[in-house]
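S.K.: Residue numbers (the working numbering): 1 to 367. One structure follows; several queries about it will come next.
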């Protein structure tokens, strides 16, 4: 009998507890509405502060918000209207109480609103707890991948074999720096542009493909300005840098965490990577690559390349083909002597692609 009594007592306590919880939805409605209002304002402020940080990173730093942050902001936005509705309906229900504001006029409605308010209060608490994780130490955004820039190309003749060799070297694990050398006008820049364009299509896992023209008298500020635009360092951040060291540090801070290919056209002497903020490929375990063009094989030695390729003049057959391509079919067919003249002039260019292109283009349309 005592055992049965104990069971009945437990059941009674459970029923009373459930009944109290259900009743609290009604009688604690006003209290829960006030708590919900305060906590919602705290959550909304937290959201606005975080959104401001994210917007600043996106607008001035070339960053892209983390997907986790985006989801949290969306969750807060999604409940905003529901919170407002509960507050408005709840305030009206509290205002309409009867018996000196002690009892609800509509118990069923008060119960439903009370239950909604309690549930929403729990949701707000959970979102606030999650939002506290996104403090200053949390990485709220990451560097947005740069869109590849396709370089304009002249007709490529006689470079396919060399392109395949260089491309294979890019894919090698222990190769970080590759030099392309040869006399002026031989096609080094054309080959580098072709590599740039192919990297833009395939990426090979690189986050950035960066193209910089160096020239005979390199301007470090200009070089760094070009690099920072490729890696999306914003104007506001850049103008805050007071000297070259700070600019180099900004670039290094981005590139040290990324895989990149740096394509340097027209180097005349050794370029110190540290001065322009570029991590040395060996410090990235050759995950990042540097390719450059130069007229001097000696520069390849100074740059401590792992691979170097001499770009040679075109053989006669290839030279004539390129020249005729630039002259055009219409001009070649306009007179029986034109093809022989074109062949003779192509030989005068001694296999230099640049000379063949310039001279051939000048003959186009001539009859």
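From the three backbone atoms N, C-alpha and C, an ideal C-beta is built for every residue, glycine too. Source: prediction; values computed, not measured.
With a threshold of 16 other CB atoms inside 10 Å of the CB of residue 288, please say whether the residue is buried or exposed.
M.R.: Residue mapping note: residue 288 aligns to position 288 of the chain shown, counting from 1. By the neighbour-count rule (16 or more Cβ atoms within 10 Å), residue 288 is buried.
S.K.: Kindly indicate the opening and closing residues of the beta strand (DSSP E) around residue 134.
M.R.: In the chain shown, counting from the first residue as 1, residue 134 sits at position 134. Element bounds for residue 134: n/a, residue is neither H nor E.
S.K.: Is the number of C-beta pairs between the stretch 251 to 262 and the stretch 274 to 294 that are closer than 8 Å three or more?
M.R.: Yes, the stretch 251 to 262 is in contact with the stretch 274 to 294.
S.K.: Residue 180 and residue 309 - do their beta-carbons sit closer together than 8 Å?
M.R.: The residue given as residue 309 occupies position 309 in the chain shown. The residue given as residue 180 occupies position 180 in the chain shown. Going by C-beta atoms, residue 309 is nearer than 8 Å to residue 180.
S.K.: Give the secondary structure of residue 309 by DSSP, where H, G and I count as helix, E and B as strand, and everything else as coil.
M.R.: For the purposes of this step, residue 309 is taken as residue 309 along the chain shown, with counting starting at 1. Residue 309: strand per DSSP, three-state reduction.
S.K.: Would you list the residues sitting across from residue 179 in a DSSP beta bridge?
M.R.: Your numbering for residue 179 matches position 179 in the chain shown. Paired residue(s): 292 and 308.
S.K.: Rounded C-beta distance between residue 157 and residue 314? I'm assuming under 8 Å.
M.R.: Within the chain shown, residue 157 is the residue found at index 157, counting from 1. Within the chain shown, residue 314 is the residue found at index 314, counting from 1. Right, their Cβ atoms sit about 7 Å apart.
S.K.: Secondary structure at residue 138, three-state DSSP: helix, strand or coil?
M.R.: Position 138 of the chain shown, counted from the start, is the residue given in the question as residue 138. It is coil, neither helix nor strand.
S.K.: Considering only C-alpha positions, which residue in the set 133, 45 and 348 is nearest to residue 68?
M.R.: Within the chain shown, the letter at position 68 stands for residue 68. That would be 133, whose Cα lies nearest to the Cα of residue 68.
S.K.: For residue 194, is the classification buried or exposed, using 16 other Cβ atoms within 10 angstroms of its Cβ as the cut-off for buried?
M.R.: By 1-based counting over the chain shown, the position of residue 194 is 194. So residue 194 counts as buried.
S.K.: Under 8 Å, with one C-beta from each stretch per pair, do the stretch 213 to 228 and the stretch 337 to 356 reach the 3-pair mark?
M.R.: No, the stretch 213 to 228 does not touch the stretch 337 to 356.
S.K.: Here's the rule I'm using: 16 or more other beta-carbon atoms within 10 Å means buried, otherwise exposed. How should residue 65 be labelled?
M.R.: Taking the first residue of the chain shown as position 1, residue 65 is located at position 65. The residue in question, residue 65, is buried, as its Cβ has 16 or more Cβ neighbours within 10 Å.
S.K.: Considering only residues of the same chain and omitting the five flanking positions on each side of residue 391, which have a CB-CB separation below 6 Å?
M.R.: The chain is shown only over 1 to 367; residue 391 falls outside these bounds and no answer can be derived.
S.K.: Can you tell me the Cβ-Cβ gap for residue 86 and residue 36, rounded? I've got them flagged as a contact below 8 Å.
M.R.: On the chain shown, residue 86 is found 86 positions in, with the first residue counted as 1. On the chain shown, residue 36 is found 36 positions in, with the first residue counted as 1. Contact flag correct, Cβ pair sits at about 7 Å.
S.K.: When the Cα of residue 40 is compared with those of 54, 81, 124 and 282, which residue comes out closest?
M.R.: The residue labelled residue 40 in the question sits at position 40 within the chain shown. The option with the nearest alpha carbon to residue 40 is 124.
S.K.: Work out the CA separation of residue 127 and residue 192 for me, nearest whole Å.
M.R.: The residue you call residue 192 lines up with position 192 of the chain shown. The residue you call residue 127 lines up with position 127 of the chain shown. About 51 Å.
S.K.: Based on Cα-Cα distance, which residue from 340, 212, 292 and 83 lies nearest to residue 34?
M.R.: Within the chain shown, the letter at position 34 stands for residue 34. Here the closest residue by C-alpha is 83.
S.K.: Which runs of the beta strand (DSSP E), 3 residues or longer, sit entirely within the stretch 185 to 239?
M.R.: Segments of the beta strand (DSSP E) lying fully in the stretch 185 to 239: 208 to 215.
S.K.: For the alpha helix (DSSP H) that contains residue 160, what are its first and last residues?
M.R.: As a first step, residue 160 is located in the chain shown; it is residue number 160 there, counting from the start. Unbroken alpha helix (DSSP H) run through residue 160: 160 to 171.
S.K.: Pull up the distance between the alpha-carbon of residue 136 and that of residue 262, whole angstroms please.
M.R.: Locating residue 136 in the chain shown gives position 136, counting from the first residue. Locating residue 262 in the chain shown gives position 262, counting from the first residue. If I take the Cα positions, the gap works out to 32 Å.
S.K.: Applying the 10 Å Cβ sphere with the 16-neighbour rule, what's the burial state of residue 237?
M.R.: One-based indexing of the chain shown puts residue 237 at position 237. Result: exposed.
S.K.: If you follow the beta strand (DSSP E) that residue 63 is in, where does it begin and where does it stop?
M.R.: As a first step, residue 63 must be located in the chain shown, where it is residue number 63. Looking at the DSSP string, the run of the beta strand (DSSP E) that includes residue 63 is 63 to 65.
S.K.: Tell me the DSSP secondary structure of residue 260 in three-state form.
M.R.: Numbered from its first residue, the chain shown carries residue 260 at position 260. Reduced to three states, the DSSP call for residue 260 is strand.
S.K.: CA-CA distance, residue 151 and residue 317?
M.R.: Here residue 151 refers to the residue found at position 151 of the chain shown. Here residue 317 refers to the residue found at position 317 of the chain shown. Straight-line Cα distance between these residues: approximately 27 Å.
S.K.: Counting Cβ pairs, one atom from each stretch, are 3 or more of them under 8 Å apart for the stretch 289 to 303 and the stretch 323 to 333?
M.R.: They do not touch, by the three-pair rule.
S.K.: Going by DSSP, what residues sit across from residue 143 in a beta bridge?
M.R.: Counting from one through the chain shown, the residue named residue 143 turns up at place 143. Answer is 63, bridged to residue 143.
S.K.: Is the Cβ-Cβ distance between residue 271 and residue 264 less than 8 Å?
M.R.: The residue given as residue 271 occupies position 271 in the chain shown. The residue given as residue 264 occupies position 264 in the chain shown. It is a contact, given that the beta carbons lie within the stated cut-off.
S.K.: Taking just the CA atoms, how far does residue 54 sit from residue 374?
M.R.: Any question about residue 374 goes unanswered here, given that the chain covers just 1 to 367.
S.K.: Are residue 229 and residue 241 close, meaning C-beta to C-beta below 8 Å?
M.R.: Here residue 229 corresponds to residue number 229 of the chain shown, with the count starting at 1. Here residue 241 corresponds to residue number 241 of the chain shown, with the count starting at 1. Not in contact: residue 229 and residue 241 (Cβ atoms no closer than 8 Å).
S.K.: Please check if any C-beta of chain D sits within less than 8 Å of the C-beta of residue 147.
M.R.: Within the model displayed, chain D is absent; a lone protein chain is all it includes.
S.K.: Taking DSSP's pairing of strands, which residues face residue 265 in a bridge?
M.R.: For this step, residue 265 is matched to residue 265 along the chain shown. According to DSSP, which records beta bridges pairwise, residue 265 is partnered with 213.
S.K.: Consult DSSP for residue 299 and reduce its assignment to one of helix, strand or coil.
M.R.: Working through the chain shown from its first residue, we reach residue 299 at position 299. Of the three classes helix, strand and coil, the one that applies to residue 299 here is helix, per DSSP.
S.K.: For the alpha helix (DSSP H) that contains residue 254, what are its first and last residues?
M.R.: Position 254 of the chain shown, counted from the first residue, corresponds to residue 254. Element bounds for residue 254: 244 to 255.
S.K.: Mapping DSSP to helix, strand and coil, what is residue 364?
M.R.: Position 364 of the chain shown, counted from the first residue, corresponds to residue 364. DSSP places residue 364 in coil when its eight states are reduced to three.
S.K.: Which residue wins for smallest C-alpha separation from residue 392, given the options 143, 46 and 118?
M.R.: Residue 392 lies beyond the stretch modelled for the chain, which goes from 1 to 367, so this question has no answer here.
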